[in-house]
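Take 23 as the starting number for the sequence shown in the numbering used here and just add one per residue.
Ideal Cβ placement from N, Cα and C applies to all residues, glycine included.
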Amino acid sequence: MLRTIVVAVILIPLAIVIIGFAVANRQAVTISFDPFDASQPAYSTTLPLFVVIFLLVIFGVLVGGIAAWLRQSKWRSAARRAETQNRELTAEVTMLRRRLDPAERSDLPARMEPAPPLSLRSPTG
């Protein structure tokens, strides 16, 4: 249900805008990576403008994703350390519970019945 709403409300209008952008920017542009000789560049290619823009947007998304991933490395390493510490402490708690469980302790004497309460006799009798 939610997926249908997302497709209908966001993706379909976005696709219409992208198609309109591509149709409006069909003219060919020459891309050159030679800043010194514009008339005879060492490497140049001719592409439709919308392809160039789409490639640059994809490149920007990838660079931004990599930058965000690199910035979060300290949080990922902290999470790994916390997970390791959690496993170690869970194992220690389990070991201590076994050690304190009276049913598993064989070095303790068997449980005895409580002794009857002491009572003092009167000196007269």
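Take the alpha-carbon of Arg25 and the one of Leu33: they are about 10 Å apart.
In the DSSP annotation of this structure, Ile32 is not part of any beta strand (DSSP E), being labelled neither H nor E. Asp56 and Leu77 have their C-alpha atoms some 19 Å from each other. Here Thr52 is bridged, per DSSP, to Thr68. Going by beta carbons, Thr68 and Ala50 fall inside the 8 Å limit. For the 8 Å CB-CB criterion, Pro63 and Arg48 do not form a contact.
Between Thr52 and Ser61, the C-beta spacing is not below 8 Å. Between Ala44 and Phe72, the CB-CB gap stays under 8 Å.
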